[in-house]
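*Asks:*
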Amino acid sequence: MILPQLQELKEIEDKARTELAAVSDEEALESWRIAHLGRRSRLNIILRGLASLPIEERRQVGAAANRLRLELEEMLSQRQAQLREATVTAVVERGRLDVTLPGRPLAIGRLHPVTQALRDILAAFVSMGFQVFEGPEVEWDHYNFEAVRIPKDHPARDMWDTLWIDYVRNDEYPMLLRTHTSPMQIRVMEQMQPPVRIVSPGKCYRHEATDPTHEWMHTQVEGLAVDENISMADLKGTLYEFARRLFGRERRVRFRCDYFPFVEPGADMSIDCPLCDGQGCRACGNSGWIEILGAGMVHPEVLANVGYDAERYTGFAFGLGVERVAMLRHGIEDIRLFYANDLRFLEQF
Ligand code: PHE
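For the sequence shown, the working numbering assigns the number 13 to the initial residue and increments by one for each residue that follows.
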């Protein structure tokens, strides 16, 4: 006859096995341990009851109970290890990087078309021996107008409709946003003695309505050369060379008389329209020519204003519109596109 305790041990084992199969986390495993190996488990009750059994039964039941205890402990530690490994795998899996995924393309910035044109313009003049100087955009009336021979009530002030700086309004020393880079001629000459060969890039501001060829802000490059024996031929030679470098050998260049109070004689320079090759199109107003700069021989009074000896020295100056150059290079028909910050436009350059 089989002992009832042995029968019970068999049941305990079966139940423990079935329940362990359903354990899926460490918390459930701990409940399982308490139920089957804990102090109040059926197995422990049997083990504690051994002492009161007759010797022969004690041997049989004791051996079986201890074997089962070892077996259950072994099952427990195995399952514990499995669960731990599963947890680690899950954590690793969650944070996994798939290094074979194709990368997301980075949006790469680039230089604004006006900046590109400006750099090329400066490079052309630097290679001809000009130095680059920069100056303030907020300027004194004195430098912007007075010192370049545009006194208070001079009609030429109409050519540079001005944005005045109101909050420092001082009728004696008015300030403004410079309307051109020509004040840099004065600032440079105040600081150095001839020979002078400089270019000065920067933003200028005008109080005017915008249209396809006018913006209230635009970029100019001022040029100035002062030395003994500088003549109109130097001016033309320098600007010819500049036009060829920027627009190519085949471009033609045209000078015409123009008026600016700070030069005498004054001129403007046009190139034959690169868009229609001089045939006449919308961009050049059907004339075949596009004006890109104003220039002239520095007025002796301007030289005298900075204390130069106007008998000994002569000079030429020019002022060039950078947006105009960028428009010609790329066939852009509206200057306002440059500063509308539309990426669809800007990404093309
Ligand atoms: N400052 C003039 C303008 O803004 C251009 C210029 C510069 C003309 C130098 C002659 C000499 O239109």
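Ideal placement from N, C-alpha and C gives every residue a C-beta, glycine not left out.
Which residue marks the beginning of the beta strand (DSSP E) containing V233, and which one marks its end?
*Replies:* Unbroken beta strand (DSSP E) run through V233: M229 to D239.
*Asks:* If you reduce the DSSP assignment to three classes, tell me which class A77 lands in.
*Replies:* It is helical.
*Asks:* What distance in whole Å lies between the Cβ atoms of L258 and M281, which are believed to be in contact at a cut-off of 8 Å?
*Replies:* M281 to L258, Cβ: 12 Å. No contact.
*Asks:* Taking only the alpha-carbon atoms, compute the straight-line gap between V233 and G214 and give it to the nearest angstrom.
*Replies:* Spanning the two alpha carbons is a distance of roughly 7 Å.
*Asks:* Name the DSSP beta bridge partners of H226, please?
*Replies:* Answer is D223.
*Asks:* Buried or exposed: where does Y217 fall if 16 or more other Cβ atoms within 10 Å of its Cβ makes it buried?
*Replies:* Buried, by the Cβ-count rule.
*Asks:* Excluding the 5 residues flanking V337 on each side, which residues of the same chain have their C-beta closer than 7 Å to its C-beta?
*Replies:* Here the set comprises A129, I133, L258 and I304.
*Asks:* Compute the beta-carbon to beta-carbon distance between R54 and I14, rounded to the nearest angstrom, for a pair I have assumed lies under 8 Å.
*Replies:* Not really, about 17 Å apart at Cβ, beyond 8 Å.
*Asks:* Does DSSP classify P312 as helix, strand or coil?
*Replies:* Reduced to three states, the DSSP call for P312 is helix.
*Asks:* Could you check whether P125 and H311 sit closer than 8 Å to each other, using their CB atoms as the reference points?
*Replies:* No; because the gap between Cβ atoms is not below 8 Å, this pair is not in contact.
*Asks:* List the endpoints of the continuous beta strand (DSSP E) containing L189.
*Replies:* L189 -> beta strand (DSSP E) spans M187 to L189.
*Asks:* Quick one: residues in its chain with C-beta nearer than 8 Å to the C-beta of E83, no 5 flanking neighbours on either side, listed in chain order?
*Replies:* Within the same chain, E83 has close Cβ partners E25.
*Asks:* In its own chain, which residues sit with a C-beta less than 7 Å from the C-beta of L349, not counting the 5 before and 5 after it?
*Replies:* Only F357 meet the Cβ criterion.
*Asks:* G235 and R199 - do their beta-carbons sit closer together than 8 Å?
*Replies:* Their beta carbons are not under 8 Å apart, which means R199 does not touch G235 by this criterion.
*Asks:* Would A237 pass as a contact of R209 if the rule is Cβ separation under 8 Å?
*Replies:* Yes, the Cβ-Cβ distance between A237 and R209 is below 8 Å.
*Asks:* When you compare the region 290 to 301 with the region 310 to 325, are there three or more beta-carbon pairs, one atom per stretch, that lie closer than 8 Å?
*Replies:* Counting Cβ pairs under 8 Å, fewer than three are found: no touch.
*Asks:* Would you mind sorting A102 into buried or exposed? The rule is 16 or more other CB atoms within 10 Å of its CB.
*Replies:* The residue in question, A102, is exposed, as its Cβ has fewer than 16 Cβ neighbours within 10 Å.
*Asks:* Select from L49, N78, A28 and P167 the residue whose C-alpha is nearest the C-alpha of L62.
*Replies:* Measuring from the Cα of L62, the nearest candidate turns out to be N78.
*Asks:* Output the distance between the C-alpha atoms of E85 and L18, rounded to the nearest integer angstrom.
*Replies:* If you take the alpha carbons of E85 and L18, they lie about 19 Å apart.
*Asks:* Determine the DSSP secondary structure at P16, reduced to helix, strand or coil.
*Replies:* Reduced to three states, the DSSP call for P16 is helix.
*Asks:* Is the region 104 to 112 in contact with the region 318 to 332, if contact means three or more CB pairs nearer than 8 Å?
*Replies:* Not touching, per the Cβ criterion.
*Asks:* How big is the Cα-Cα spacing for R161 and F267?
*Replies:* Spanning the two alpha carbons is a distance of roughly 23 Å.
*Asks:* Taking 7 Å as the line, does the beta carbon of Q232 fall inside it for any heavy atom of the ligand PHE?
*Replies:* Yes; taking the cut-off as 7 Å, the Cβ of Q232 has a heavy atom of the ligand PHE nearer than that.
*Asks:* Is any heavy atom of the ligand PHE found at a distance shorter than 7 Å from the C-beta of G214?
*Replies:* No - the ligand PHE has no heavy atom lying nearer than 7 Å to the Cβ of G214.
*Asks:* So Y155 and P195 are in contact, right, with Cβ under 8 Å, and what is the actual spacing, rounded?
*Replies:* Confirmed, Cβ separation roughly 4 Å.
*Asks:* Between L95 and L41, how many whole angstroms is the CB-CB distance? I'm expecting something under 8 Å.
*Replies:* Right, the Cβ-Cβ distance comes to about 6 Å (below 8 Å), so this counts as a contact.
*Asks:* Any heavy atom of the ligand PHE closer than 7 Å to the beta-carbon of S139?
*Replies:* Checking every heavy atom of the ligand PHE against the Cβ of S139, none is found closer than 7 Å.
*Asks:* Using the Cβ count rule (16 or more neighbours within 10 Å means buried), how would you classify N353?
*Replies:* The residue in question, N353, is exposed, as its Cβ has fewer than 16 Cβ neighbours within 10 Å.
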